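Using numbering that gives the first Met the number 0, read the sequence shown as starting at 0 and increasing by one per residue.
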Amino acid sequence: MSREVPEALRTHRNSRVLAFSANLSAHSDITQAFGEALKLLGDVQRHGSRPTSHGCEIASTGGTIFSFAYGMNAVAFRLDDRMKVRALASGAEAIPECGPEWVTFTLFRDDWPRVDLEFAARKAYVSARE
Numbered sequence: 000m001s002r003e004v005p006e007a008l009r010t011h012r013n014s015r016v017l018a019f020s021a022n023l024s025a026h027s028d029i030t031q032a033f034g035e036a037l038k039l040l041g042d043v044q045r046h047g048s049r050p051t052s053h054g055c056e057i058a059s060t061g062g063t064i065f066s067f068a069y070g071m072n073a074v075a076f077r078l079d080d081r082m083k084v085r086a087l088a089s090g091a092e093a094i095p096e097c098g099p100e101w102v103t104f105t106l107f108r109d110d111w112p113r114v115d116l117e118f119a120a121r122k123a124y125v126s127a128r129e
């Protein structure tokens with residue numbers, strides 16, 4: 000994983016998510032779950048939001064950021080309209096600061112079923128590749 004976001008990702012399409020995530024951090028438990036969810040995907044690059052080891056983790060493909068892990072228990076995804084509706088019905092929350100296609104899931108909740116990170120990551124990855 001690269002510790003810094005490369006210039007190639009500093010585009011208009013990614014600008015809102017980069018601004019939102021710039022000062023966020025991520026707990027090692029959440030980055031581990033994030034990494035496992037991305038493992039089976041194809042062309043994925045992982046980056047840190049800050050040069051230090053404490054930034055959140057960002058995933059991109061083909062120049063588009065499609066997911067990031069942050070805080071103690073959150074993973075965000077860029078989803079198409081159909082999958083965003085399903086995600087919101089499954090307990091996700093919108094992140095309008097990142098753009099209309101972004102949602103976040105809270106992991107490790109004892110009052111909610113386990114989030115299927117692999118499914119959400121795959122759908123976000125496919126959407127970013129289209």
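Every residue gets a Cβ at the ideal spot worked out from N, C-alpha and C, and that includes glycine. Quantities reported herein were computed from a predicted structural model and do not represent experimental measurements.
In the three-state DSSP reduction, F76 falls in the strand class (E or B). By the criterion of a C-beta distance shorter than 7 Å, S20 is surrounded in its chain by S48, C55, I57, F67 and Y69, once the five residues flanking it on both sides are discounted.
Taking the Cβ atoms as the reference, G90 lies roughly 7 Å from F104, within the contact range of under 8 Å.
Restricted to the stretch 10-78, the beta strand (DSSP E) segments that are unbroken, complete and at least 3 residues in length are 44-47, 56-60, 63-69 and 73-77, listed in chain order. Out of F107, F65 and A93, the CA that lies nearest to the CA of L40 is found in F65. Taking every protein chain shown into account, the CB of A18 has fewer than 16 other CB atoms within 10 angstroms, so this residue is exposed. Between T10 and G62, the C-beta spacing is below 8 Å. Going by beta carbons, L78 and A123 fall inside the 8 Å limit. In this structure, A120 places its C-beta atom within 8 Å of the C-beta atom of L37.
The C-beta of W101 has 16 or more other C-beta atoms within 10 Å across all chains shown, which makes the residue buried. For V125, the enclosing alpha helix (DSSP H) stretches over residues L116 to R128. Within 10 angstroms of the beta-carbon of N13 lie 16 or more other beta-carbons, which makes it buried.
Rounded to whole angstroms, the Cβ separation of L8 and S59 is 6 Å, and the two are in contact under 8 Å.
Between N72 and L23 the beta-carbon gap is near 13 Å, outside 8 Å, which marks them as no contact.
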